[in-house]
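I have placed the structure first, in the form of structure tokens, so that the comments after it can refer back to it.
This is the structure:
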């Protein structure tokens, strides 16, 4: 279960930190030409390039359908990271779109206590 999404600048990277309750879900991070929502519509994002971050199995809502974290767009104004938005929470997959200044290097790290996945964009 996703419990928070935060952004930060650190060590020459802009970081998006996804915090989970329980074990680390599987994940996929990649550049895409556009990010779509669960209905297939283009997700508007600030930036010149776009990344999709997908977690599976994962959820971002409790059994009653209430979001488990603040679902508003994050617009940090960082050098590389322009915006982070929830793209979908459907059938065990949670997806996010990241708008970035341009295609560049990125790294993904798993952190513990609490369970987190960090996406660092250069």
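In this note's numbering, the protein residues as written are 1 to 122. We treat Cβ as the ideally placed atom computed from N, Cα and C, and that holds for glycine.
Report yes if the CB atom of residue 69 is closer than 7 Å to the CB atom of residue 4, and no otherwise. yes
Selected residue, minimal CA-CA separation from residue 101, among 60, 14, 81 and 85: 81
If you follow the beta strand (DSSP E) that residue 8 is part of, which residue opens it and which one closes it? 2-10
Name the residue from 45, 57 and 107 whose alpha carbon lies nearest to the alpha carbon of residue 22. 57
Cα separation between residue 33 and residue 13? 22 Å
Between the Cα of residue 46 and those of 99, 19, 111 and 112, spot the shortest distance and give me the residue it belongs to. 99
For residue 74, which residues of its own chain have a beta-carbon under 6 Å away from its beta-carbon, when the five flanking residues on both sides are left out? 7 and 84
Tell me, to the nearest whole angstrom, how far the beta carbon of residue 55 is from that of residue 94; I am working on the premise that it is less than 8 Å. 5 Å
Please name the residue, chosen from 122, 91 and 115, that lies closest to residue 103 on a Cα-to-Cα basis. 122
Using three-state DSSP, classify residue 95 as helix, strand or coil. strand
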